[in-house]
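Scroll down for the structure; my scribbles are underneath it.
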Amino acid sequence: MLRRWLAIALTLLTLSGTGACLRAVEVNPEETPSGTALRGNIRVVDRDGIVYIAQSLRVTESGDYLLEMVERIDDGVSEVLMETTLPRAEVVSIRRSETNRWAVAGLVAGTALFMVWLYYKINTSVFD
Numbered sequence: 243m244l245r246r247w248l249a250i251a252l253t254l255l256t257l258s259g260t261g262a263c264l265r266a267v268e269v270n271p272e273e274t275p276s277g278t279a280l281r282g283n284i285r286v287v288d289r290d291g292i293v294y295i296a297q298s299l300r301v302t303e304s305g306d307y308l309l310e311m312v313e314r315i316d317d318g319v320s321e322v323l324m325e326t327t328l329p330r331a332e333v334v335s336i337r338r339s340e341t342n343r344w345a346v347a348g349l350v351a352g353t354a355l356f357m358v359w360l361y362y363k364i365n366t367s368v369f370d
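In my numbering, the protein residues as written are 243 to 370.
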């Protein structure tokens with residue numbers, strides 16, 4: 243019975259740890275200086291409600307946003323672009339997903355310890 247509850251607890255811990263590995267960071271569009279470059283999963287929304295999902299974002303010297311590898315979603319219609327430029331005045335919000343490295347390290351360490359414990363339990367079990 244204890245093993246069953248331990249397995250359930252470890253499963254729930256792993257699932258909650260997986261959710262903690264990614265976090266969304268809000269970037270203020272007015273305070274990003276020119277020359278700023280962001281990489282990863284970036285979500286940009288403009289004044290018309292059009293959503294842009296990009297792999298990289300750079301602020302040009304004129305202050306506009308240059309998005310690369312973009313998916314533009316307008317009223318459910320998706321369009322894939324290699325790059326597009328958005329004026330700074332048109333951008334309402336910028337969100338960037340980044341990996342929480344400490345959560346990933348904890349998840350890997352916990353999994354490794356669990357595997358060592360499981361190996362020990364199997365090798366010292368009654369089934370020998």
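Virtual Cβ for every residue (Gly too), placed ideally from N, Cα, C.
Kindly indicate which residue of 307, 285, 336 has the alpha-carbon position closest to the one of residue 277.
Nearest C-alpha to residue 277: 307.
Quick check on this structure: which residue in 245, 251, 247, 256 has the alpha carbon closest to the alpha carbon of residue 347?
Ranking the options by Cα distance to residue 347, first place goes to 256.
Can you list the alpha helix (DSSP H) stretches of 4 or more residues lying completely in the stretch 300-325, in chain order?
Fully enclosed alpha helix (DSSP H) runs of 4 or longer: not present.
In terms of residues, what are the limits of the beta strand (DSSP E) holding residue 365?
Premise fails: residue 365 lies in the alpha helix (DSSP H), 343-365, not in any beta strand (DSSP E).
When you measure from the CB of residue 287 to every non-hydrogen atom of the ligand GTP, does any distance come out below 7 Å?
With respect to the ligand GTP, the structure offers nothing, as it holds no ligand at all.
Quick check on residue 250: does DSSP put it in helix, strand or coil?
Looking at residue 250 - three-state DSSP - the assignment turns out to be helix.
Just the C-alpha distance for residue 323 and residue 279, rounded to the nearest angstrom, thanks.
C-alpha separation (whole angstroms): 19 Å.
What residue range is occupied by the uninterrupted beta strand (DSSP E) comprising residue 288?
Residues 279-288.
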